[in-house]
Structures are given as structure tokens and as C-alpha cells.
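Asker: Numbering (mature numbering (1 follows the signal peptide of the UniProt record, and there is no 0)), first residue to last: -21 to -1, 1 to 642.
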């Protein structure tokens, strides 16, 4: 046993001699101390009593100093002192751009101590200016706080998106025994350190006083919010204009866009007033922001206005295309005349928008363009601001106008080319004819206006209504007397949308009358109006009226009645003609065809003539003459429908024995 104990003692002595031994209390404490180093990532997770209070971006030298001191060091103020001296931090990682090569750092503090520390928002009036520190300090003192022991908060004085910042006064740093136990961890290229990325929410902090914004800033902020909403209204008006189906809808949308411009102009003017009143501390960035909204609304108004011109040109172009399509079967000279008028209308629109564009470009090029919003009273340093803002607005408008003008000009070129082709195809016929031909034409027209059948020209061959009247008196060709003409059967226009059953019944009534009675009763009904009026209603017109369909034998259709291409009609295919006669004809024809017992017709005049249409059909047509023709044609057709159709139905019912009509 003694030998065994001696052996153990020798082993122990050997271990001591070689410097080895069992771990003691001091050895156990070493590893935890190393874990508590600020630059170790475990530190961010283990020190639960700490809270992240901000981020800072510094140059590598400053970061190395932070790592060495394991905390923040006092700032010398070289980076600026917007709200006083101290260490400036941000609420987001990397929100302060810094310089290339700068290092991001995260700042932590004792949670309980930080909550108890007083904090104050510093509004803009207490920022930059003479003796900045005293201005900010004075504001804090006005809150009954110690400027040296109060954490300061504010908006960063930079344009663009709002950024927040916090300043830790130097007296609150660890070196001054500030009591916050501040710790800093910075990025290190030699060590991997994943910094937290979540934002710091100042609004959740305790013991915060002061105002983030000055009262005038609050008012300007409200103005900006109002401007943003008005701009949305402007954009909505533009959307309505794009969907507009009529000129009235388009004008309504344009009015909304114009109202938005007026509202935003008021917003800018009020913003300018606030800025001028508080120019000692309020920046012109507020004016720039609201003026930008105003410029966008102006551009939207310009675009909607251009859409009015574009749709106007589109309408002229569509009408032009319809004229061009009729050139094969009508008087080419008349088509050329109408085409030239439409081309001239398009040219007027093109010249109008080109002038507007030229005026805008000239304004932009001017050294002192006309400013739509007065900005008197701004600081002398901002004297050029109104000009800069106006030129920016003009840039937006000009860009939008150039696109629209190019589109309209292209349409104008297409129309001009087609007009030139029409002129060449017409052999430059301007409407002046050989005197002999002219006399024959006028004599023929006069005979037709009196009910005669002397015209041997092409126009006389088209007078199916008059031929049918003569045949009806002889009792011949009963089946063909009131059949639709070839032009009517080939009409590209579809029937009006009417209730199917009622339409078929009305059509059957008319068809029975025509088949059973030739055209004797129609001739009787129209005899008092003479041949000139008879040609206005072609064969089968009654059936067309009953079905609500279109019988295009030449010129136009109104209320379902085909107005034929007789000499008296002179191819009056203007929309204004339809506007004059459509409502009257449609109402009367539908009523007459459904009526069981027609009223006794009033006495018709013995002779109705349209001398101007008969005598002037081959001469140049002035706008005044065209309007006269429309009015005259409307009056004649109205007489035919209201008076003659009643008489025609009465006679037809008597001849066929149909009682009570069809319902």
C-alpha cells in the first residue's frame, strides 16, 4: 500500500514539473469572456438586455476604432450638425449612402436605460442656420429638457423619400459614463458577421416629446396629399376619355381633366405662399413636389385635348372613306368636291395642333417663358426656380403633343394622296360643262320637276319610281312594280334592331299591299306631288319602312325609307340630312304601318318643285347650297310620309279588302 501511494505522488510531481494540471476556476472564465466581444455574432443573440437603437456607416478607419474601443467614440462634427453635435445614426441599415468602401455598423444599448432616457423630435425651424447648436438646444430647453442628456430625432434634410435619423449627444457615450452601455458591431472583411437588417421604429420608443413637423410643414403635407388625390382624378379623366363613345363623353372627360389642372394650380400657389412666409427655414423642395403634380396634370389635359382632335380627324377620315367608296357608281365630280372639303377639314385640325406644338416649343426655348404660377417673394437663390419648373412642365407637354401630331399628320397625308388620285381619275372635271350639255341637263331637270318624262340621260334611267307609276296606270308588270332596286338589294347596311315579330307583321302588310295592288294606289297618293317627289321614294320603299330596314338605292336612308339617287337628290349623303329627317320619318312610318284606321289625309298641294336641286345639280355645291338641299329634302319627305302614306294605306286597304290592319 505504501508503494502504491508513493507511485501516485511521483506521477503528480511529474505533471507539475511539466506545467500541466487540472482546469481551475480562472481557466473556466476565459471562454465566456471571449464570447462577449462586440464583434462576435453570438453577442447579438446572447445579450438579451440590449436593444438595437440604430445603424451607422463609417470609413474603415473609424470602424477599426469602434472595434478597438468596443463602443462609439465622440464625433467631431465634421459630417455636419443638422440638429446638434453628437453621433448621427439612421433607422435603417445602409440608408445613409456614405462613400465607396465605407463599413456598416449596428449600435446597441441597454434596453432599460435607453427606455428611460429622454428623447425629442426636432422640427425643421430648429435645423440649419446661424448657431445651429444653440437653435436646437433652445428648442430642447423649451421642452424643459437638458440638451446634453436628450437623444434627438428628426427627418434628414435631403430631397426625395423621407429618411429619419437619431443623434446621440457625446455626453451620453460610454466615455462620458452616459449610462446607456452602448455597444457597436461593424462589418469586418476578415470575419463573417451577419448584421441585423430590421428597421428601427422610433414611434415605439418611450419618453419621446417634441414635434416631428412644424405647423406650416403639416399644412404643406396636407396640400401634397390633396395634390396626389387630384392627380388621380386627372388620370381617371384620361381613362374616361379613352373609353368615350361620343363627343359629349369626350368633352366631359376633358372638362374633368381641366378642373384637375385648376385644383393643382391652387395647391402649388398655396405651397408657394407657405414657403415664402417661412423661407428662413422651409426649403423649396415642397414647391418642386407639388409643381411636379401640376405638370403631370397639365400633360394629362393636353393628351385628352389631343384625343378630341384625333377623334375629330378619325370621324372626317371615316366620312372621307365612305365618299371614296361611292365613286364608282356616282358623279365623280361630286365625290371629289366632298372629298376635298373633308380633306380641308382634316388639314385645319392638323394645322391647329401643329401651331399649338410650335407655340409650346417656342415657349420652352425662350429665356423667360411665361410662368403660369406666380412665385414672388422667393429667396434670391431660388430666382430661377419658376423658369426651371415651367420648362420641365413644357417638356412633358411637348413630348405628348409630338406623338399625337405625328399621328394626325399621317392621316392628313393619306387623305391628300387619295384626293389627288380622285382628281386624276375625274380627268380634272371641276363641274364646268359644255354649254349645250348644260342646257340639256337643266331642261331635263325642269321637265322632271313638272312630272314629265323627257330626260333621255342616265339620271332618267334611274327613276324607277316614275316608270312604275306609268306602268301602274296601264295595269302592266304588277309583280315588278314595287320590287326593291338592284342597289337596294345590294345595300351593305343591315336592318334596324326592331322587335322581330312586330317587324315581320309590318313587312307582311306592306308586301301584301304591293303585290295585290301594283302601284296604282301609290301613284294616286303621290300624284299631287308630281314626278319630282315620286323619285324620292323608290320601289319597295314601303316594305323597307315597314321592316325598319335600309334600301340604299343611291344616297341615304332615314327612318327606314330609301331616298333614291334621283337628279333631285344630288347624292346628299351628309349626316346633317339624316339628323333633319330621321326622327320625323321614323316616328311617322312606324305609326302609320301599325295604324288600323288611318286618319283622313289633308289636301296636298297640286305641285311641289325643287328648282334649285333640279337646276344646280351639276354645278359646284357650296356649303350653303348643301344645307338648303338638306332642309328642302327634309320638308318634301316629311310631306310624303305624313300626308301621302295615310292616303296610300287608306286606298290600299279599300282595294285589297284588308280590314283593321295587322297588329
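Quick reminder that beta carbons are idealized off the backbone N, C-alpha and C, glycines included.
So who's on the other strand from residue 69, going by DSSP bridges?
Answerer: Partner(s): 34 and 144.
Asker: Is residue 124 helix, strand or coil by DSSP?
Answerer: Correct three-state label for residue 124: coil.
Asker: Excluding the five sequence neighbours on either side, which residues of its own chain have a C-beta within less than 6 angstroms of the C-beta of residue 115, listed in chain order?
Answerer: Result list for residue 115: 62, 63, 101 and 105, in chain order.
Asker: Rounded to whole angstroms, what is the Cα-Cα separation between residue 198 and residue 123?
Answerer: So the alpha carbons of these two residues sit roughly 27 angstroms apart.
Asker: Measure how close the beta-carbons of residue 206 and residue 269 come, nearest whole angstrom, since I'm counting them as under 8 angstroms.
Answerer: Going by Cβ atoms, the distance from residue 206 to residue 269 rounds to 5 angstroms, so yes, they are a contact pair.
Asker: CB-CB under 6 angstroms to residue 390, same chain, minus the five flanking residues each way: which ones, in chain order?
Answerer: Cβ neighbours of residue 390 beyond the five flanking positions: 292 and 296.
Asker: Beta carbon of residue 84, beta carbon of residue 163: below 8 angstroms?
Answerer: Yes, they are a contact pair.
Asker: Given that a residue counts as buried once 16 or more other Cβ atoms are within 10 Å of its Cβ, and exposed if not, what is residue 317?
Answerer: The residue in question, residue 317, is buried, as its Cβ has 16 or more Cβ neighbours within 10 Å.
Asker: How long is the line joining the alpha carbons of residue 44 and residue 103, rounded to whole angstroms?
Answerer: Distance between the alpha carbons of residue 44 and residue 103: 33 angstroms.
Asker: Would you call the CB atoms of residue 697 and residue 127 closer than 8 angstroms?
Answerer: Here the chain comprises residues numbered -21 to 642, so residue 697 is not present and cannot be evaluated.
Asker: Please report the residue range of the alpha helix (DSSP H) in which residue 301 lies.
Answerer: It spans 264 to 304 - the alpha helix (DSSP H) in which residue 301 sits, taken as one unbroken run.
Asker: What residues match up with residue 133 in a beta bridge as DSSP calls it?
Answerer: 144.
Asker: Between the stretch 353 to 365 and the stretch 318 to 334, are three or more C-beta pairs nearer than 8 angstroms?
Answerer: With a cut-off of 8 angstroms, the stretch 318 to 334 and the stretch 353 to 365 do not count as touching, because too few Cβ pairs lie within range.
Asker: How far does the beta strand (DSSP E) with residue 82 in it reach, from first residue to last?
Answerer: It spans 82 to 89 - the beta strand (DSSP E) in which residue 82 sits, taken as one unbroken run.
Asker: Could you check what DSSP says for residue 115 in three-state terms: helix, strand or coil?
Answerer: Helix at residue 115.
Asker: Where does residue 235 land, buried or exposed, given buried means 16+ other C-beta within 10 angstroms?
Answerer: When all chains shown are included, residue 235 counts as buried.
Asker: Per DSSP, what kind of secondary structure is residue 195 in: helix, strand or coil?
Answerer: DSSP places residue 195 in helix when its eight states are reduced to three.
Asker: In this structure, does DSSP put residue 322 in helix, strand or coil?
Answerer: Helix at residue 322.
Asker: Using the beta-carbon count (16 or more within 10 Å), is residue 35 buried or exposed?
Answerer: So residue 35 counts as buried.
Asker: In whole angstroms, what separates the C-alpha of residue 448 from that of residue 401?
Answerer: Note that residue 448 scores a pLDDT of 42, beneath 50, so its modelled location is shaky and nothing firm can be said.
Asker: If you pair each beta-carbon of the stretch 372 to 381 with each one of the stretch 329 to 342, do three or more pairs fall below 8 angstroms?
Answerer: Segments in contact, yes.
Asker: Could you check the C-alpha separation between residue 589 and residue 312 for me, to the nearest Å?
Answerer: Low local confidence applies: a pLDDT of 36 at residue 589 is under 50, so the model's placement there is unreliable, with the coordinate-based value given in what follows. If you take the alpha carbons of residue 589 and residue 312, they lie about 21 angstroms apart.
Asker: How many angstroms separate the CA atom of residue 95 from the CA atom of residue 185?
Answerer: The straight-line gap from Cα to Cα measures roughly 7 angstroms.
Asker: Please report the distance separating the alpha-carbon of residue 78 from that of residue 38.
Answerer: When rounded, the distance between both Cα atoms is 8 angstroms.
Asker: State the Cα-Cα distance for the pair residue 604 and residue 242, rounded to the nearest angstrom.
Answerer: Caution applies to residue 604, whose pLDDT of 49 falls short of 50 and renders its modelled position unreliable; the model cannot decide the point.
Asker: From this set, 155, 246 and 173, which residue's C-alpha is nearest residue 209's C-alpha?
Answerer: Answer by Cα proximity: 246.
Asker: Taking the alpha-carbon positions, what's the residue 33 to residue 69 distance?
Answerer: One C-alpha to the other measures close to 6 angstroms.
Asker: What's the call for residue 46, buried or exposed, on a 16-neighbour Cβ count within 10 Å?
Answerer: Burial call: buried.
Asker: Using three-state DSSP, classify residue 370 as helix, strand or coil.
Answerer: Correct three-state label for residue 370: helix.
Asker: What residues match up with residue 139 in a beta bridge as DSSP calls it?
Answerer: Looking at the DSSP assignment, residue 139 forms no beta bridge with any residue, so it has no partner.
Asker: Can you give me the start and stop residues for the beta strand (DSSP E) that residue 162 sits inside?
Answerer: 162 to 165 is the extent of the beta strand (DSSP E) around residue 162.
Asker: Can you tell me whether residue 120 is buried or exposed? The criterion is at least 16 other CB atoms within 10 Å of its CB, across all chains shown.
Answerer: Exposed: under 16 other Cβ atoms inside 10 Å.
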